[in-house]
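To start, the structure itself, in structure tokens.
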């Protein structure tokens with residue numbers, strides 16, 4: 052691999068954001084961007100790393116920070132695919148979450164100064180490009196006041212499938228497209244307000260987190276509303292639900308809360324912006340083309356719960372290729388999966404919102420199946 | 052305390068089974084039944100133990116095994132209440148499960164030879180009487196062929212509330228009844244087939260354990276059926292659900308399966324016998340009398356899940372005294388609770404079917420609140 056593929060990926064990201072950029076700043080700075088080693092990292096890790104800034108809008112002084120982690124040279128990094136990793140929110144740093152907590156090559160040790168190798172790092176299977184986006188997130192910045200962030204908040208809510216759609220559309224009719232695009236993987240993806248609300252409220256009630264009356268109220272005042280502009284009644288009902296949920300980590304309901312408080316407002320406003328059915332329609336448009344899709348779900352995540360995804364996928368009316376079945380991590384059930392025409396749903400048992408943080412081994416198997424284009428292993432096997 | 056109270060409890064159990072018995076065999080054998088110490092137990096535990104057999108039917112040669120564990124002498128065992136502990140199934144030994152795994156004074160060490168003290172043993176709060184019942188379970192036996200077990204299978208399905216009802220009825224109109232009966236505590240109680248089916252199937256689907264089609268089929272062919280005599284269609288649907296659930300522990304869905312297989316038939320036939328609405332009506336009869344009831348629920352139990360209990364309690368149409376709220380174990384959410392008129396529902400977060408096994412500290416707090424007749428602690432407090 053090299054910066055040619057990296058360049059293409061960044062090029063497409065930037066097209067997506069519809070901004071100007073300078074090609075030369077990427078190509079000429081290749082060696083300047085090389086990381087010899089990170090502070091506290093083990094020696095001789097056997098893979099290349101690059102990091103730096105890509106200016107996406109000279110006038111506005113906007114630049115995005117990236118960290119490229121190659122696959123180990125011994126594992127044939129040149130033949131490995133490139134995976135662009137974008138954390139959601141939007142507003143979460145891909146470096147701080149995806150790389151540092153979830154799938155990156157290193158784990159930060161409790162001393163806060165040294166790094167250990169992550170045994171389930173995804174760069175063992177692919178070259179990974181972590182990008183902090185939009186500008187303002189993580190190490191990415193903007194030097195001018197700009198409405199990009201606000202606008203971005205609305206437009207980038209579902210940027211992984213939307214970016215995929217752009218790549219797919221641009222590949223149409225080209226015999227050897229510069230990016231051999233095969234599919235995409237989304238985790239904990241909010242698809243549309245309606246199915247998300249229905250599934251989330253049902254999850255809260257069936258997991259014993261809210262009262263009967265609050266469940267009824269939420270259904271009555273929020274189900275058909277917008278998460279971006281909720282009604283006053285819906286906001287009030289969400290407040291009651293928040294109080295009933297108590298001091299738990301909603302992203303991983305069985306994880307002990309360490310700092311004694313996670314009482315930030317959790318269920319409105321900070322969500323993805325997801326106009327009703329828009330994303331469902333997008334998946335539908337991509338689907339007849341047999342693009343491979345994986346949706347990994349932590350089944351103890353109460354913020355974007357498995358029930359919401361089930362309702363959203365149900366709305367697509369896809370044909371089933373392989374019905375619901377438990378998949379195995381060695382001899383243990385790692386989660387459940389259903390293969391639809393062009394879309395595979397995978398759940399990971401016992402994991403919270405950040406699946407690779409809670410269940411790195413299961414997430415690694417999931418990623419391997421995704422790259423290989425195969426269903427999750429249905430038989431007990433030794434990895 | 053002494054054998055007078057024990058005698059009364061056993062007397063009532065026997066009345067419930069409608070068998071004959073000999074009073075003298077209980078009273079005269081008091082000292083013979085005293086346990087000086089169990090093999091491998093710590094020395095000077097500071098509480099009394101008795102164990103032995105009570106003949107319940109001389110002709111049939113039926114005898115029930117009991118183990119009485121007193122509260123520590125330093126904690127005023129004489130003023131502590133007596134709690135009769137019966138494990139469900141029916142067919143599970145109260146000694147093997149309740150005492151050895153859940154709430155008893157000792158924990159069996161991994162060497163299989165020594166016992167450690169259980170820091171959350173419930174005998175710190177009450178005198179505990181573990182009874183293996185019916186005959187044939189645990190150390191209890193019957194010397195003759197008898198239809199008791201089959202009959203018992205039908206009649207003892209809900210024996211804790213039914214026994215409570217008998218005690219309550221016999222206390223009526225008596226100024227100083229020999230047993231000062233205050234209430235009862237049931238855990239993971241199947242109440243009636245209909246609400247149990249509706250709630251269990253919903254739990255399986257919302258927890259990502261079964262397919263959409265199986266969920267629909269179960270609702271269509273099982274919801275209004277009997278768990279004792281399921282239809283062929285319902286049995287078939289249960290088989291499909293079993294295969295989809297995979298090799299997990301259904302009593303605690305996040306607990307690793309150690310022996311590699313728990314593939315016994317789990318969802319039919321071995322259930323409590325629970326004629327539709329019968330138990331709901333019984334709770335309703337007991338309820339206007341302000342008998343205190345606690346139902347503790349492990350919220351990762353897929354066999355008798357929290358959704359089933361919520362539907363059953365909803366069918367009672369009880370008035371709410373304190374609405375759904377998170378209760379606290381120190382600063383952590385221990386679970387959720389709702390106080391109805393005469394009935395308190397308590398869930399324990401992260402626990403499987405055997406709540407005190409998985410969450411001994413939370414179960415201990417629950418038991419303390421039950422004995423004190425107070426709601427679960429709503430504030431963060433140090434225990």
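Chains as they are written, first to last, in this note's numbering: chain A, 52 to 434; chain B, 52 to 434.
Ideal placement from N, C-alpha and C gives every residue a C-beta, glycine not left out.
Since this is a predicted model, take the numbers as computed values, not measurements.
- Around the C-beta of residue 398(B), 16 or more other C-beta atoms lie within 10 Å, and the residue is accordingly described as buried.
- Only exposed fits residue 90(B), as fewer than 16 other CB atoms lie within 10 angstroms of its CB.
- Proximity to residue 130(A) across 156(A), 177(A) and 190(A) peaks at 177(A), based on C-alpha coordinates.
- For residue 389(B), the uninterrupted beta strand (DSSP E) segment begins and ends at 383-391.
- Per DSSP, residue 172(A) lies in no beta strand (DSSP E) segment and is marked neither H nor E.
- By the 16-neighbour rule on beta-carbons within 10 angstroms, residue 410(B) is buried.
- Annotation for residue 260(A): 296 place their beta carbon closer than 6 Å to its own, counting only its chain and skipping 5 residues before and after.
- Contact between residue 383(A) and residue 308(B) holds: their C-beta atoms lie close to 7 Å from each other, under 8 Å.
- Residue 402(A) is not a Cβ neighbour of residue 251(A), given a cutoff of 7 Å.
- Taking a cut-off of 8 Å on C-beta distances, the segment 273-284 of chain A does not touch the segment 367-382 of chain B, as fewer than three cross pairs fall below it.
- Beta bridge pairing from DSSP links residue 373(B) with 390(B).
- The beta carbon of residue 101(A) lies closer than 6 Å to those of 84, 85 and 119 in the same chain, with the five residues before and after it left out.
- Using a CB distance cut-off of 7 Å, residue 398(A) counts as an interface residue toward chain B.
- For the pair residue 238(A) and residue 393(B), the Cα-to-Cα distance works out to about 45 Å.
- Cβ neighbours of residue 144(B) within its own chain (closer than 6 Å, five residues either side excluded): 183, 188 and 189.
- For the 7 Å CB-CB criterion, residue 159(A) and residue 407(A) do not form a contact.
- Here residue 427(B) is not near residue 363(B), since their CB atoms are 7 Å or more apart.
- One thing to note: residue 98(B) has its Cβ within 7 Å of the Cβ of residue 123(B).
- Taking every protein chain shown into account, the CB of residue 156(A) has 16 or more other CB atoms within 10 angstroms, so this residue is buried.
- Buried is the label assigned to residue 215(B), since at least 16 other Cβ atoms lie within 10 Å of its Cβ.
- Taken through DSSP and simplified to helix, strand or coil, residue 191(A) comes out as coil.
- In this structure, residue 291(A) places its C-beta atom within 7 Å of the C-beta atom of residue 265(A).
- Counting only the Cα atoms, residue 356(A) lies some 13 Å from residue 243(A).
- For the 7 Å CB-CB criterion, residue 113(B) and residue 186(B) form a contact.
- Using beta-carbon distances, residue 254(A) counts as an interface residue toward chain B, with a partner under 7 Å.
- Taken in chain order, the members of the segment 368-394 of chain B whose beta-carbon sits within less than 7 Å of a beta-carbon on chain A are 374, 375, 376, 377, 382, 383, 384, 387 and 389.
- According to the DSSP secondary-structure assignment, residue 181(B) is paired through a beta bridge with 118(B) and 136(B).
- The residues 188, in chain order, have a CB closer than 7 Å to that of residue 142(B) in the same chain once the five nearest residues on each side in sequence are set aside.
- Per DSSP, reduced to three states, the secondary structure at residue 295(A) is helical.
- For chain B, the residues of the segment 246-275 of chain A that bring a beta carbon within less than 8 Å of one of its beta carbons are 253, 254, 256, 257, 258, 259, 260, 261, 262, 263, 264 and 265, in chain order.
- The residues 405 and 408, in chain order, have a CB closer than 7 Å to that of residue 152(A) in the same chain once the five nearest residues on each side in sequence are set aside.
- The Cβ of residue 306(B) sits no closer than 7 Å to any Cβ of chain A.
- Here residue 288(A) has 265, 268, 269, 272 and 273 as same chain residues with Cβ atoms under 7 Å from its own Cβ, once five neighbours each way along the sequence are excluded.
- Around residue 134(A), the same chain offers 177 and 179 as residues with beta carbons nearer than 6 Å, after the five sequence neighbours per side are excluded.
- DSSP places residue 96(A) outside both helix and strand once states are collapsed to three, so it counts as coil.
- Residue pairing by DSSP places residue 255(A) opposite no residue, since no beta bridge is assigned to it.
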